[in-house]
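Before any comments, here is the structure.
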Amino acid sequence: MEAAESPNGSQQNLNELAVDMFKKSAEYVEAELAVAQDDYKLLADLNRECDMTYAGLRKIGGNLNKQLKEMTEKHAALKPYLEMIDSINESTSKLEAVAYMMDAYSKRLEQKFKTLEKR
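Just so you know, UniProt numbering puts 69 at position 69 of the sequence shown, and the rest follows in order with no gaps.
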């Protein structure tokens with residue numbers, strides 16, 4: 001009789017070990033799934049943050065584009081005046097050069113006059 005109970009007891013022990021193994025395997029798989037789920041939640045949060053960051057950058061880029069267009073329009077409006085300023089500057093430089101030449105000429109003329117006056 002003990003021989004008959006021994007395989008049964010062994011079978012029962014084996015069944016208990018199998019049940020324990022399946023429970024622990026289930027816990028392991030659940031833990032792995034929980035980690036994967038947490039990873040996906042983290043990725044979703046990161047994606048949301050990136051989306052908000054890019055939305056902010058998109059807004060900044062749009063504002064910069066708008067300001068650049070405004071500045072380009074202002075520059076185009078001021079361009080004739082800037083060209084006038086350049087032209088006036090060029091004319092002033094030429095006038096200054098002529099004034100120096102006239103000054104040098106008048107000094108030479110004055111020297112000649114003084115030498116003629118001394119005679």
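Beta carbons: idealized from backbone N, C-alpha and C, even for Gly.
Annotated three-state conformation of arginine 119 is coil, per DSSP. Straight through space, the alpha carbons of tyrosine 40 and serine 10 are spaced by roughly 44 angstroms.
In the same chain as valine 19, and ignoring 5 residues on each side of it, no C-beta atom comes closer than 6 angstroms to its own.
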